[in-house]
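First comes the structure, then the notes that go with it.
There are 2 protein chains.
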Amino acid sequence: MQIIDGKKVAEQIKLEIAEEVKQMKEQGLKIPHLAAILVGHDGGSETYVAHKVKDCAEVGFKSTLVRFEDDVTETELLAAVQKLNNDSDVDGIIVQLPVPKHISEQKIIEAIDYRKDVDGFHPINVGRTVIGLPSYVSATPFGIVELLRRYKVETKGKNCVVIGRSNIVGRPMSILLSQKAQPGDCTVTVCHSATPDIASYTSKADIIIAALGKPGFLKASMVKEGAVIIDVGTTRVPAPETKSGFRLKGDVDYDEVAPKCSFITPVPGGVGPMTRVSLLQNTLLAAKKSFFK
Amino acid sequence: MQIIDGKKVAEQIKLEIAEEVKQMKEQGLKIPHLAAILVGHDGGSETYVAHKVKDCAEVGFKSTLVRFEDDVTETELLAAVQKLNNDSDVDGIIVQLPVPKHISEQKIIEAIDYRKDVDGFHPINVGRTVIGLPSYVSATPFGIVELLRRYKVETKGKNCVVIGRSNIVGRPMSILLSQKAQPGDCTVTVCHSATPDIASYTSKADIIIAALGKPGFLKASMVKEGAVIIDVGTTRVPAPETKSGFRLKGDVDYDEVAPKCSFITPVPGGVGPMTRVSLLQNTLLAAKKSFFK
Numbered sequence: 035m036q037i038i039d040g041k042k043v044a045e046q047i048k049l050e051i052a053e054e055v056k057q058m059k060e061q062g063l064k065i066p067h068l069a070a071i072l073v074g075h076d077g078g079s080e081t082y083v084a085h086k087v088k089d090c091a092e093v094g095f096k097s098t099l100v101r102f103e104d105d106v107t108e109t110e111l112l113a114a115v116q117k118l119n120n121d122s123d124v125d126g127i128i129v130q131l132p133v134p135k136h137i138s139e140q141k142i143i144e145a146i147d148y149r150k151d152v153d154g155f156h157p158i159n160v161g162r163t164v165i166g167l168p169s170y171v172s173a174t175p176f177g178i179v180e181l182l183r184r185y186k187v188e189t190k191g192k193n194c195v196v197i198g199r200s201n202i203v204g205r206p207m208s209i210l211l212s213q214k215a216q217p218g219d220c221t222v223t224v225c226h227s228a229t230p231d232i233a234s235y236t237s238k239a240d241i242i243i244a245a246l247g248k249p250g251f252l253k254a255s256m257v258k259e260g261a262v263i264i265d266v267g268t269t270r271v272p273a274p275e276t277k278s279g280f281r282l283k284g285d286v287d288y289d290e291v292a293p294k295c296s297f298i299t300p301v302p303g304g305v306g307p308m309t310r311v312s313l314l315q316n317t318l319l320a321a322k323k324s325f326f327k
Numbered sequence: 035m036q037i038i039d040g041k042k043v044a045e046q047i048k049l050e051i052a053e054e055v056k057q058m059k060e061q062g063l064k065i066p067h068l069a070a071i072l073v074g075h076d077g078g079s080e081t082y083v084a085h086k087v088k089d090c091a092e093v094g095f096k097s098t099l100v101r102f103e104d105d106v107t108e109t110e111l112l113a114a115v116q117k118l119n120n121d122s123d124v125d126g127i128i129v130q131l132p133v134p135k136h137i138s139e140q141k142i143i144e145a146i147d148y149r150k151d152v153d154g155f156h157p158i159n160v161g162r163t164v165i166g167l168p169s170y171v172s173a174t175p176f177g178i179v180e181l182l183r184r185y186k187v188e189t190k191g192k193n194c195v196v197i198g199r200s201n202i203v204g205r206p207m208s209i210l211l212s213q214k215a216q217p218g219d220c221t222v223t224v225c226h227s228a229t230p231d232i233a234s235y236t237s238k239a240d241i242i243i244a245a246l247g248k249p250g251f252l253k254a255s256m257v258k259e260g261a262v263i264i265d266v267g268t269t270r271v272p273a274p275e276t277k278s279g280f281r282l283k284g285d286v287d288y289d290e291v292a293p294k295c296s297f298i299t300p301v302p303g304g305v306g307p308m309t310r311v312s313l314l315q316n317t318l319l320a321a322k323k324s325f326f327k
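Line order of the protein sequences matches chains V and G. Mapped onto this note's numbering, the consecutive letters of the first sequence carry residue numbers 35 to 327. Mapped onto this note's numbering, the consecutive letters of the second sequence carry residue numbers 35 to 327.
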């Protein structure tokens with residue numbers, strides 16, 4: 035059994051990005067610039083955005099944080115997005131979700147210029163991903179594909195089960211792994227809340243991507259010997275012994291499942307760090323205008 | 035075993051559309067208008083476009099056929115699309131594929147205003163379908179969903195296998211049936227050319243959508259008792275006894291498989307007529323500005 039060390043891979047990718055930024059600077063090129071919009075003071079959102087700003091600094095990106103109070107109007111928020119769209123120094127734009135209920139999340143997402151949509155949430159990027167055209171892929175699936183690539187996990191022809199059909203993880207993940215690509219070319223099944231017997235699918239799977247958000251859901255009895263397990267779950271569970279008072283728990287019962295696997299991602303330290311670094315990769319791609327002029 | 039009579043359902047839908055167009059006329063509204071661009075003189079393409087024009091006439095739509103010779107330049111074709119985009123009388127635009135090799139199919143597709151993209155091929159419509167937003171769904175998957183709905187085929191929680199991952203059939207079909215919707219909420223597996231043992235998946239499936247383009251591929255031994263079979267295949271095979279010299283053959287070995295099924299679509303007369311009528315439905319939706327202003 036081999037633990038897929040997402041933290042280590044993410045660190046390695048950050049070094050690679052930092053090196054590229056250094057060369058861009060030396061060549062007198064503009065350095066990549068990520069702009070983040072944060073509405074309100076939700077603890078989780080504050081943390082995520084702080085991480086993103088910190089990650090940018092670490093690799094030499096410029097970042098801008100635009101903050102609004104909870105009572106910002108949709109019109110004001112759309113105007114802020116528009117301003118960043120028009121700012122030629124800004125390469126990538128993200129709006130930290132969720133936004134307050136009086137604002138249409140979808141409207142905000144679609145207001146972002148798809149060429150700067152480094153979260154990969156805009157319908158154009160989603161559609162281009164499906165069609166197999168170059169596009170920004172949302173951070174978690176992007177990170178998982180990168181892990182499979184760097185650990186040389188064989189995917190072609192494999193039976194892959196994705197648990198969860200969310201727009202930002204399960205769905206794009208299932209599409210990417212099902213496409214004619216490497217990693218890819220899996221026979222993918224998407225299980226979800228309406229699947230009567232998920233174990234009947236997972237027990238035959240060579241690769242399982244657990245992204246349903248139920249801590250400890252995947253048990254050893256549901257997994258076949260030698261499977262590859264990717265755990266996307268990051269539920270906060272109370273942990274009085276820790277400083278923060280909580281710890282992250284994955285969708286996989288790690289202690290039970292790990293001994294049966296060929297590869298497994300731990301939580302924390304598996305998919306999470308890759309999700310963070312994927313945003314940097316997308317921002318670098320945007321700065322280099324890799325997909326769109 | 036019940037035969038799903040796509041021809042009959044398509045006729046019924048055409049009557050419904052014709053009735054709606056009649057009412058639109060009575061209310062003094064503009065009647066729906068489909069514009070088709072055809073390049074060259076490929077026999078198949080000529081037939082398809084002729085059908086589309088005829089279908090429009092039958093339900094009372096206006097249609098415009100714009101023809102070019104094989105040597106049309108990409109610039110000329112893009113200009114023609116642009117002209118139709120700007121024509122406020124035109125509700126829906128299709129470019130009959132394939133186009134000659136010196137023209138980028140993808141560029142032409144993306145040049146069509148997504149609000150008039152009644153083929154549902156534009157990345158924005160593909161992306162919106164994936165996200166679950168209102169969108170033009172390409173004609174074959176749209177037609178299949180309609181058949182399942184009208185025949186009241188139970189889909190929720192069912193094991194569904196889609197054979198084929200094309201951008202216009204297999205992929206959108208798998209996404210639609212996997213979404214939280216009715217019809218939908220299936221556990222969908224996508225099989226394709228890199229799947230080692232397709233029978234191991236189909237033999238457990240409650241619903242099989244065969245869209246791989248291999249005549250007679252699906253045999254009785256690959257199907258479980260009581261399955262629902264949707265045959266998307268329409269390969270032309272030589273048939274000297276017919277007037278045209280060929281006949282259409284599906285991906286399913288119908289004679290073998292039909293006795294085991296609960297429902298099955300024949301070829302011809304199953305999915306084909308529904309594909310044709312779906313284009314009319316999308317054009318009507320466009321004329322009514324159901325999704326986009």
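Ideal placement from N, C-alpha and C gives every residue a C-beta, glycine not left out.
Shown in chain order are the members of the region 148 to 162 of chain V whose Cβ falls below 8 Å from a Cβ of chain G: H156, P157, I158, N159, V160, G161, R162.
Looking at the DSSP output, L111 (chain V) sits in no beta bridge, so it has no partner there. Contacts with chain V (Cβ-Cβ distance below 9 Å) from the region 290 to 301 of chain G involve no residue at all.
When beta bridges are read from the DSSP output, P272 (chain G) appears opposite G:F280. By the criterion of a C-beta distance shorter than 7 Å, K41 (chain V) is surrounded in its chain by G303, P307, once the five residues flanking it on both sides are discounted. DSSP places Q36 (chain G) in the strand class (E or B) of the three-state scheme. Under the Cβ criterion of 9 Å, S227 (chain G) is counted among the residues facing chain V.
Taken in chain order, the complete alpha helix (DSSP H) segments of 4 residues or longer contained in the region 193 to 252 of chain V are 204 to 212, 232 to 236. Within 9 Å of the CB of Y170 (chain V), no CB atom of chain G is found; the nearest one sits about 12 Å away.
At a cut-off of 9 Å, the C-beta of V224 (chain G) has a neighbouring C-beta in chain V. Going by DSSP, V93 (chain G) is part of the alpha helix (DSSP H) stretching over 77 to 93.
Exclusion of the five residues before and after E259 (chain V) leaves K294 as the residues of its chain whose Cβ lies within less than 8 Å of its Cβ.
When CB distances to chain G are screened at a threshold of 8 Å, not a single residue of the region 262 to 279 of chain V falls below it. Ranked by how close their Cα comes to the Cα of S255 (chain G), the residues G:M207, G:R205, G:Y288, G:L112 have G:Y288 in first place. Contacts between S212 (chain V) and chain G, judged by CB atoms closer than 7 Å, involve R199, V224 in chain order. With a beta-carbon spacing of about 6 Å, V115 (chain G) and I142 (chain G) fall inside the 8 Å limit used to define contacts. In this structure the region 145 to 157 of chain G does not lie against the region 178 to 194 of chain G, because fewer than three pairs of beta carbons, one per stretch, are closer than 8 Å.
Membership of D287 (chain G) in any beta strand (DSSP E) is not indicated, and neither H nor E is assigned to it by DSSP. Fewer than three beta-carbon pairs drawn from the region 49 to 61 of chain V and the region 100 to 115 of chain V are found closer than 8 Å, and the two stretches are therefore not classed as touching. For the pair of segments examined, the region 149 to 157 of chain V was found not to touch the region 51 to 61 of chain G: the number of CB pairs separated by less than 8 Å stays below three.
Judged by beta-carbon spacing, R281 (chain V) lies within the 9 Å limit of V271 (chain V), meaning their Cβ atoms are closer than that value.
Contact check for V305 (chain G) against T223 (chain G) fails: the beta carbons are separated by 9 Å or more. Contact fails between the region 260 to 269 of chain G and the region 237 to 251 of chain V, because fewer than three Cβ pairs, one in each stretch, are under 8 Å apart. Where K96 (chain G) is concerned, the enclosing beta strand (DSSP E) starts and stops at 96 to 102.
Beta-bridge partners assigned by DSSP to D125 (chain G): none are found. The beta carbons of C220 (chain G) and I197 (chain G) sit about 14 Å from each other, so the pair does not count as a contact at 8 Å. When the five nearest sequence neighbours on each side are left out, the beta carbons in the same chain lying within less than 8 Å of the beta carbon of Y235 (chain V) are those of V195, T223, C225, T229, in order along the chain.
Residue burial annotation: L63 (chain G) is exposed, with fewer than 16 other C-beta atoms found within 10 angstroms of its C-beta.
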